[in-house]
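The structure appears right after this line, and notes come after that.
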Amino acid sequence: MHSETADRWIGKPLLRKEDARHLLGASQFVADLRLPHMQDVAFVRSASAHGRILSIDAGGAEPGTVWTLADLPTIHPLFAGPELGTFRNAVYPPLADGKVLFAGQPVAMCLGANRALAEDVASAVWVDVEELPPVIDAVNALAKGAARLHDDWPDNGFIHSVITGGDIASVADAPVRMRRRFKMNRQAANPLETRGVVAYRDHRTDELVVYTSTQGPHVMRHGLSIALGIPEHRLRVVAVDVGGGFGGKNRLMPEEIAMAALALSVDHPVRWIEDRNEHLIASVHAREHHYDLTVLAERDGTILGIEGSIHVDAGAYALWPSGPFMETSMAARNLPGSYRIQHLNIDTHTVATNKAPLGPYRGVARPGACFAIERLVDELAHELGIDPVEIRHRNLVGPTEMPYRTGGGLRLDNGDYPTALDKAVAMIDLPAVRARQAAGEPDGTRIGVGFACYTEQSGHGTVEWVKRKSRVVPGYETATIRMMPDGSAQVLVAIQSHGQGLETSLAQIAADGLGLTPAQIVVRHGDTSISPFGFGTFASRSIVFCGGAVTKAAAALAEKIRAVAAHLLQTTPDLITLRDGAAHGPQGSIPIPEIARAANIRPEALPEGMAPGLEATATYEPPESGGVFSYGVHAVVVAAHPETGVTRILDYVVVEDCGNLINPMIVDGQIIGGVAQGIGTALYEEIPYDETGQPIATTWGDYLMPCAPEIPSFRIGHMVTPATSTEHGVKGMGEGGAIAPPAAIANALTDAFRDIGAKFCETPMTPRRVSDAVALARGEE
Amino acid sequence: MKSANFEYLRPTSLPDALDAANDETTFLAGGQSLMAMLNLRVTSAETMIDLSRLSELRGVNETPDAVTLGALTTHAMIEDGAVPDPSGGLMPRIASKIAYRAVRNMGTIGGSLALADPAADWPCCLLALDATVLIEGATSREEAIEDFLQDAYTTTLEAGEIIRAIRIPRNTAPWGVYKVTRKSGAFADSLAICVLGDAPRIALTGTQSRAQRLRRAESALHGDLRAAILADLADADPDADAYKRRCHLATVLAAIKEAQS
Amino acid sequence: MIDVTLTLNGTPRTVSVEPRETLSDLVRNRCDMTGTHVGCDHGACGACTVHLDGMPVRSCIVLAATCDGREVRTIEATRKDETFGVIRRHFHEKHALQCGFCTLGMLMMAADIIARHPTPSEDQIRNALSGQVCRCTGYMGIVAAIASAAEELRGA
Ligand SMILES: Cc1cc2nc3c(=O)[nH]c(=O)nc-3n(C[C@H](O)[C@H](O)[C@H](O)COP(=O)(O)OP(=O)(O)OC[C@H]3O[C@@H](n4cnc5c(N)ncnc54)[C@H](O)[C@@H]3O)c2cc1C
Ligand code: FES
Ligand code: FES
Chain A
360 MHSETADRWI GKPLLRKEDA RHLLGASQFV ADLRLPHMQD VAFVRSASAH GRILSIDAGG
420 AEPGTVWTLA DLPTIHPLFA GPELGTFRNA VYPPLADGKV LFAGQPVAMC LGANRALAED
480 VASAVWVDVE ELPPVIDAVN ALAKGAARLH DDWPDNGFIH SVITGGDIAS VADAPVRMRR
540 RFKMNRQAAN PLETRGVVAY RDHRTDELVV YTSTQGPHVM RHGLSIALGI PEHRLRVVAV
600 DVGGGFGGKN RLMPEEIAMA ALALSVDHPV RWIEDRNEHL IASVHAREHH YDLTVLAERD
660 GTILGIEGSI HVDAGAYALW PSGPFMETSM AARNLPGSYR IQHLNIDTHT VATNKAPLGP
720 YRGVARPGAC FAIERLVDEL AHELGIDPVE IRHRNLVGPT EMPYRTGGGL RLDNGDYPTA
780 LDKAVAMIDL PAVRARQAAG EPDGTRIGVG FACYTEQSGH GTVEWVKRKS RVVPGYETAT
840 IRMMPDGSAQ VLVAIQSHGQ GLETSLAQIA ADGLGLTPAQ IVVRHGDTSI SPFGFGTFAS
900 RSIVFCGGAV TKAAAALAEK IRAVAAHLLQ TTPDLITLRD GAAHGPQGSI PIPEIARAAN
960 IRPEALPEGM APGLEATATY EPPESGGVFS YGVHAVVVAA HPETGVTRIL DYVVVEDCGN
1020 LINPMIVDGQ IIGGVAQGIG TALYEEIPYD ETGQPIATTW GDYLMPCAPE IPSFRIGHMV
1080 TPATSTEHGV KGMGEGGAIA PPAAIANALT DAFRDIGAKF CETPMTPRRV SDAVALARGE
1140 E
Chain B
998 MKSANFEYLR PTSLPDALDA ANDETTFLAG GQSLMAMLNL RVTSAETMID LSRLSELRGV
1058 NETPDAVTLG ALTTHAMIED GAVPDPSGGL MPRIASKIAY RAVRNMGTIG GSLALADPAA
1118 DWPCCLLALD ATVLIEGATS REEAIEDFLQ DAYTTTLEAG EIIRAIRIPR NTAPWGVYKV
1178 TRKSGAFADS LAICVLGDAP RIALTGTQSR AQRLRRAESA LHGDLRAAIL ADLADADPDA
1238 DAYKRRCHLA TVLAAIKEAQ S
Chain C
29 MIDVTLTLNG TPRTVSVEPR ETLSDLVRNR CDMTGTHVGC DHGACGACTV HLDGMPVRSC
89 IVLAATCDGR EVRTIEATRK DETFGVIRRH FHEKHALQCG FCTLGMLMMA ADIIARHPTP
149 SEDQIRNALS GQVCRCTGYM GIVAAIASAA EELRGA
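Structural data, given as structure tokens:
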């Protein structure tokens, strides 16, 4: 806790401004909106994985209660995915258009006075489908003769692309070649607040107002405008309190478009609140990577190159705006991880299957890439009889080699990776773990320790996104700061804070820039009608981009405040400093509220020729477009039961460096929350499909969310290497926590059963998978 | 995720409830299984008879040999020792690991038995304790759990019959429990309970069908236990795959070990 | 529709509901008290936790009609409560919330944990929070907040 008299707010663990409303149960999420005459919507969803719709029977419903695509106003196709000639498009219709391509796809929408009544209508609707063979395995989907999802495609590939770095042929005769397969299975972001939309026509402003639980209202408005053919100035998109997103709320989804179109067609507000079942079968799905990799190395463990293939099971359609290819290319480009690996040759396939479409989830692609490389490194260590820590030291990029461009083309800017590893080894107390391991456990469980290194690119700007052929290039962010006549200020931004505490950390930044306290500043976000354009909160970008924009806007405003102060104090602006709510000159001070009053309502007090008002808008893009890299090392000790396969985490250490910290408390919160999600990926969460294309995990009884007993207390070691190219030396860090846990935990399991050589190559490492791996290694059935 | 509608009745006496019941009736106890299933629309009800006001289904009856718990006794009451424990600590231990606290505050032992989920805790525990079920309907009867449990989600309860209470013989013998779940509070993949004493009883659930006694193992406690368990498993869970067999074997051995230690 | 007469946050009320409606429907939709959140609607997340006759229950799997004659307390009724005030302050200070969606369920559970275990160990807290999903915080702040709130309340 810090008093509100400090002179610098950046770097302080200031308690969060957003807490009060949540703690009182007075926050407002989409489902909490109350509008007169609002009706609820329930979607009719495809029960089939793949089929042609023969007919849709409304089941005797009242006219106007069942809506199919044909009943909605014309909706324009939203092309999604990279702007590459080789990327095949698969436009996701808001309601099924003749075919259904996955079980759960929205087919029709039903209206009712409340959700239960809407579901009654929906349950009576009968969709007659001619079944087609389902495609459910991404590798087999490309085989000759496989059923095809998209009639106008020659096969099921969205795109096939070879990602190369260096010259793999130059290391073809490496003394060690080792091939392994890995799989990271499908999951979903599962924020506790599901998706939700309330839409209505506001006749006063002649706007279509769409409240939606989204991470990027401005970008969603742009997409809605294209889809609906409504100009953007007549669309307002608002994200009120958002109960978590993690990437899963950063795509314009068919339900959002359908709801907006429905609101245009009826004369009352409409609301759809996704239920958990819908979330599990039809929200943004994530991951499902298949790796088949061969590592090329020297006998001393020096890794020379990696070759092989990645198949990403991308589901049925491309989600707007980015589509699924970024997942694949990032997975390939991040394979070298934190290591000096210069030669890379990865055949990548982004494959359409009869499953829910794939999109971003915390870590995007990197949890898979990290799992693959960190498991490969451990496997190589095992193969060559080298200690896993030692082999990492032989390959980690050293601080003096920075900036270092990896074989994946990423420019690692700065940091000290080997020291981070040493620190993690020390914190986990490796000798003590080894001693305990040697002693054995009384209950027959096995102890293992695992390490995983990772990097996290953030703050990448225009050039990087253009390189990814992104349709929407989130190369900058904008902020407006408006000071009121009483000297209090509003910061208006286009990001969406849904747990990241940006209402607090951005206020800290603005407070330092303006010589105010955070209490004198309010941050408003998440509403297209209050801020200039911006891209939203994702890709660990908000603190770099939006923090930078706030810094620049505050600087511009401070300059004007100093000019006014200099005039009132009869000195020059360069001699004025802003601190403690006042402008201080060589001979006297003047409170900022007085300057604000002069600028806003007493313009006669201003210097001649100065425009009245105190408002500044600035955009910001970091100068290094390739981004800055947070990095770290996770170390974990697990205990696993060889027969039941139940795995418990005994200790978990995170060493991480994300440059300078704006609010260390919030940073730790992001790390811990990220690691907990990574543990979910590692041990619990999975959305399997059966051979008919039916999703198996359709409730939170089947899809396991880790809870307090599953998640340990973490110990965090911070290192600070300030970024040289960003404002305040910050690096984004929202995703990092989620990247390394699957790798670290799999390595720990491998360590636990190293004597028998059991292999852990697929997530989540459920009791069944662990037990089966042990049995296989023991040569049992 | 909302239930389809139904008629709702809340009788205040057992005779009224039995009178109101017919073939289309669904009984509501704690609702902790039923409400979730209704919300998911995997089941529906025509008429819902709320049992929560039936005083006949509450309360405790103690004799020197047994304790009879009303069907509406909640998991939390057993966990907290708010009702007498005939089991020497076994029942509170089982109760404390069923689902989550807020669920345990509502969920009832009678509801759990009536549902007979093959992964549920009470059928297995009550089987290990040799309990009996007191049933009211056209006639009253008392049935051994062994006979009451038929198959997954299947018991001898006829439509319109109500579980009034469960009679649990007092146990002073040592016991052991081992449960494998994919995460805390989840239904068991395998749950084994061993109660020693003159006639040791071992019960296993998490099978394809119902909680089962492992009789060969019971009589082989000092012999070739593994072989006996494996032979039992072949009967108890014939369709079990290799993982399930490994898992069951481990839980049974661990439960016995705990009981014997 | 049927009438349910209950004491909601200290006030006797009669609310008309369809028989199928749950306690969360009653609170959120019939009484417009939206502090109680719904995260799963099938009893698996704890976001909807309220107190029924003083005990935490999951309002999405409690039938509204069965609450007739009973006492229901939601987060809205705790705003001026001193014990809850202490727990809230510790949640704030320990960074026990991020998006805030799980928070009221956690608070309703926290009060119950502290009432039942005046000196809760970390294990007790974690086990008692089983099934209360928080997707954001990784639970560390929540566990710490409950432990320190219990300590303060014990002293009081
Ligand atoms: C998230 C979650 C996790 C769970 N995890 C577990 C677990 O790990 N282990 C476990 O054992 N259980 C678990 N349960 C189920 C829980 O224990 C239920 O409380 C129990 O299975 C049903 O009891 P109930 O009183 O809630 O019954 P209800 O849900 O009200 O009824 C269940 C069924 O029994 C019938 N019935 C109820 N009472 C009677 C009676 N007296 N006479 C005749 N029929 C009756 C009903 O008609 C209905 O068909 C879980 C539940 C939830 C929501
Ligand atoms: S909403 Fe009730 S438990 Fe999840
Ligand atoms: S704070 Fe977001 S779910 Fe807990």
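Protein chains in written order, with the numbering used here: chain A, 360 to 1140; chain B, 998 to 1258; chain C, 29 to 184. We treat Cβ as the ideally placed atom computed from N, Cα and C, and that holds for glycine. Bear in mind that the values here come from a model prediction, so they are computed numbers and not experimental data.
Opening and closing residue of the beta strand (DSSP E) in which residue i lies
i         : result
B/ASP1016 : Per DSSP, B/ASP1016 belongs to no beta strand (DSSP E); it is in the alpha helix (DSSP H), 1011-1017.
B/ARG1164 : 1159-1166
A/GLY893  : Unbroken run through A/GLY893: none, as it is neither H nor E.
C/GLN152  : Careful: C/GLN152 lies outside any beta strand (DSSP E), inside the alpha helix (DSSP H) at 150-156.
Beta carbon of residue i nearer than 8 Å to that of residue j
i         : j         : result
A/PRO493  : A/ASN713  : yes
C/PHE119  : A/PHE388  : no
A/GLU591  : A/PHE402  : no
A/GLY874  : A/ARG938  : yes
C/PRO146  : B/ARG1098 : no
A/ILE1038 : A/TYR1048 : no
A/GLY944  : A/ALA924  : yes
B/ARG1207 : B/ASP1229 : no
A/LEU567  : A/PRO432  : no
Of the listed residues the options, nearest to residue i (C-alpha basis)
i         : options                                   : result
B/GLY1056 : B/SER1041, B/ILE1106 and B/ARG1101        : B/ILE1106
A/PRO453  : A/PRO982, A/THR427 and A/ALA645           : A/THR427
B/GLU1076 : B/LEU1054, B/ASN1102 and B/LEU1051        : B/ASN1102
B/ARG1038 : C/CYS73, C/LEU54 and C/ARG48              : C/ARG48
A/ASN773  : A/GLY667, A/LEU392, A/TYR763 and A/ALA848 : A/TYR763
C/VAL45   : C/ALA92, C/ALA105, C/ARG101 and C/ILE142  : C/ALA92
A/GLY682  : A/MET689, A/ALA690 and A/ALA673           : A/ALA673
A/ARG751  : A/HIS648, A/GLY607, A/GLY809 and A/ASN473 : A/GLY809
CB contact below 8 Å: residue i versus chain A
i         : result
C/GLY169  : yes
B/CYS1186 : Per the sequence shown, residue 1186 of chain B should be read as Asp rather than Cys. Cβ-Cβ to chain A under 8 Å: yes for B/ASP1186.
C/ASN37   : no
C/ASP96   : no
C/SER158  : yes
Any chain C beta carbon closer than 8 Å to residue i
i         : result
A/ALA365  : Model confidence at A/ALA365 stands at a pLDDT of 46, short of 50, so the residue's coordinates are unreliable; what they give is reported in the following sentence. Closer than 8 Å: no.
B/ILE1046 : no
A/SER362  : Bear in mind that a pLDDT of 38 at A/SER362, under 50, signals an unreliable position, so the model cannot answer this.
A/MET543  : no
B/PHE1003 : yes
B/MET998  : yes
A/CYS1120 : no
A/PHE388  : yes
Interface flag, residue i vs chain B, CB-CB below 8 Å
i       : result
C/MET61 : no
C/VAL90 : yes
C/ARG48 : yes
Heavy atom of ligand 4 within 7 Å of residue i beta-carbon
i       : result
C/GLY71 : Among the ligands present in this structure, namely ligand 1, ligand 2 and ligand 3, ligand 4 is not found.
Start-to-end residues for the alpha helix (DSSP H) that takes in residue i
i         : result
A/GLY1032 : 1023-1038
C/THR131  : 131-144
### Ordered list of alpha helix (DSSP H) runs contained in the stretch 923-1008 of chain A, each at least 4 residues
951-960
#### Entry: Inside the stretch 422-501 of chain A only - beta strand (DSSP E) runs reaching at least 3 residues
465-471 and 485-490
### Runs of alpha helix (DSSP H) wholly within the stretch 587-674 of chain A (minimum 4 residues, chain order)
613-624 and 635-641
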